[in-house]
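Trainee: All residue numbers for the sequence shown refer to our numbering, where the first residue is 204 and numbers rise by one. Note that the Cβ used here is the ideal one computed from N, Cα and C, for glycine as well. Just so we're clear, the structure is a prediction, and the values are computed from it rather than from any experiment.
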Amino acid sequence: MALCNSTSSLTQTLAPWRERGGKIGFVPSMGALHDGHGSLVAQALSENDCVVVSIFVNPTQFNNAADLEKYPRPFEQDLAFLKAIDPKIVVFAPEATELYQGEVQSKAYRFGPIASEMEGRHRPGHFDGVGTVLNLLFRAVEPTNAYFGEKDFQQLQIVRKLVELEKLPVNIIGCAIYRADNGLAMSSRNRRLTPEQLEAAPFIFKILKQAQKDFDKKSIPAIVREAEAAFAAHPILELEYFEIAGIHNLKTAYRKHPSNTYRAFVAAFAGEVRLIDNMGLN
Ligand code: AMP
Numbered sequence: 204m205a206l207c208n209s210t211s212s213l214t215q216t217l218a219p220w221r222e223r224g225g226k227i228g229f230v231p232s233m234g235a236l237h238d239g240h241g242s243l244v245a246q247a248l249s250e251n252d253c254v255v256v257s258i259f260v261n262p263t264q265f266n267n268a269a270d271l272e273k274y275p276r277p278f279e280q281d282l283a284f285l286k287a288i289d290p291k292i293v294v295f296a297p298e299a300t301e302l303y304q305g306e307v308q309s310k311a312y313r314f315g316p317i318a319s320e321m322e323g324r325h326r327p328g329h330f331d332g333v334g335t336v337l338n339l340l341f342r343a344v345e346p347t348n349a350y351f352g353e354k355d356f357q358q359l360q361i362v363r364k365l366v367e368l369e370k371l372p373v374n375i376i377g378c379a380i381y382r383a384d385n386g387l388a389m390s391s392r393n394r395r396l397t398p399e400q401l402e403a404a405p406f407i408f409k410i411l412k413q414a415q416k417d418f419d420k421k422s423i424p425a426i427v428r429e430a431e432a433a434f435a436a437h438p439i440l441e442l443e444y445f446e447i448a449g450i451h452n453l454k455t456a457y458r459k460h461p462s463n464t465y466r467a468f469v470a471a472f473a474g475e476v477r478l479i480d481n482m483g484l485n
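Below, the structure is given as structure tokens:
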């Protein structure tokens, strides 16, 4: 499997594909790969001639130093995971200083109101970091199609905005959330959960499912109140936010408009581990 640690080696590896006019699919990741990433890679393989997966824990998108330090980095396992899917996958794993070409810092983006809701409100600077690294990665990979999980739904909308602002010639493709049989959304952070926390975590899915079930019958404030009360009574999970928002502007919704499409969004802590999830409601 080709492993590229620099943009120049990546450019060389991809040159034959570009010369033939092949489609290049791209799955950006921070590693600690799981079947959720695997589902994006499988879709990319089915729709492109060559697939690049980046493994890069981006320092500028972490607003919490301990979270960055504790982020799992099982690099050899990740390579084996990808090789087992398809040994023709190209892995791009640059050093931060190589990718950023100098100082590792974020650019300030004007993503508009979507960046100040939910994750933007609770993780200051996060989306500037995400935008900065993806802009650099897109310029290094020059993909035809790039794949992002709806697991990070707000990030997906930010990426669409980034591509518009930076005028990048790439199609952004959103992929469904991949869940364990018990409903827990797969996440690299799940590795940091204790057995007890891991058992508790599917509660997030349960509450989202309940919100989906109630959406036609109850008002948005009532659904939110009930979800907040359920979390307040939970012995292990601590809720950071439960919000219902329209999918385009991601602003907190208080009333349903028949023409709008809504999702419920959750961020909750299991000990120090912050988990997020979301679900379509209508
Ligand atoms: P990360 O490595 O956490 O930055 O994630 C890399 C990509 O995989 C992002 O586009 C995520 O939204 C996506 N992803 C992570 N977990 C899942 C999941 N359970 N289902 C679908 N996509 C996911």
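My guess is that Leu243 and Gly352 are in contact by the Cβ rule of under 8 Å, so how many angstroms apart are they, rounded?
Mentor: Yes, they are in contact, since the Cβ atoms of Leu243 and Gly352 sit about 6 Å apart, within 8 Å.
Trainee: With contact counted as at least three CB pairs below 8 Å, one residue from each stretch, are the region 361-375 and the region 337-351 in contact?
Mentor: Cβ pair count under 8 Å is three or more, so yes.
Trainee: Span of the alpha helix (DSSP H) holding Pro424?
Mentor: Here the alpha helix (DSSP H) through Pro424 covers 423-435.
Trainee: With a CB to CB cut of under 7 Å and the five nearest residues on each side skipped, what residues in its chain are close to Asn261?
Mentor: For Asn261, where only same-chain residues beyond five positions count, the Cβ hits under 7 Å are Met233, Gly332, Val336.
Trainee: Assuming the contact rule is C-beta atoms closer than 8 Å, Cys229 and Pro346 should be a hit. Round their C-beta distance to whole Å, please.
Mentor: Correcting the residue type first, residue 229 is Phe in the shown sequence and not Cys. Right, the Cβ-Cβ distance comes to about 3 Å (below 8 Å), so this counts as a contact.
Trainee: So what does DSSP say about Ala456, is it helix, strand or coil?
Mentor: In the structure shown, Ala456 sits in coil (DSSP, three-state: anything other than H, G, I, E or B).
Trainee: In terms of DSSP beta bridges, what is Phe468 paired with?
Mentor: Glu446, Asn481.
Trainee: Distance, Cα to Cα, Ile447 vs Asn393?
Mentor: The alpha-carbon atoms of Ile447 and Asn393 are separated by roughly 24 Å.
Trainee: May I ask you to report which of helix, strand or coil DSSP gives Gly239?
Mentor: Gly239: helix per DSSP, three-state reduction.
Trainee: So the beta strand (DSSP E) Val260 belongs to, where does it begin and stop?
Mentor: Note, Val260: premise wrong, no beta strand (DSSP E); not H, not E.
Trainee: Buried or exposed for Lys409, going by 16 or more other Cβ atoms inside 10 Å?
Mentor: When all chains shown are included, Lys409 counts as exposed.
Trainee: Going by DSSP in three states, Pro151 sits in which element: helix, strand or coil?
Mentor: An answer regarding residue 151 cannot be provided, because it is not within the stretch 204 to 485 covered by the chain.
Trainee: Does at least one heavy atom of the ligand AMP sit under 8 Å from the Cβ of Ser249?
Mentor: No.
Trainee: Cβ atoms of Tyr381 and Gln239: under 9 Å apart, would you say?
Mentor: Note that residue 239 is Gly in the sequence shown here, rather than Gln. Cβ atoms of Gly239 and Tyr381: closer than 9 Å.
Trainee: Nearer than 8 Å: is that true of the beta carbon of Glu353 relative to any heavy atom of the ligand AMP?
Mentor: Yes.
Trainee: Along the chain, where does the beta strand (DSSP E) that runs through Asn348 open and close?
Mentor: Its beta strand (DSSP E) spans residues 348-352.
Trainee: Secondary structure at Asn267, three-state DSSP: helix, strand or coil?
Mentor: Asn267: coil per DSSP, three-state reduction.
Trainee: Are Phe314 and Leu368 touching if we call contact CB-CB under 9 Å?
Mentor: Yes; because the gap between Cβ atoms is below 9 Å, this pair is in contact.
Trainee: Go ahead and pull the three-state DSSP assignment for Arg363.
Mentor: Here Arg363 sits in helix by DSSP.
Trainee: Only counting the same chain, and skipping five residues up and downstream in sequence, which positions put a Cβ closer than 8 Å to that of Leu411?
Mentor: So the list reads Ala467, Val469, Asp480, Asn481, Met482, once near-sequence residues are dropped.
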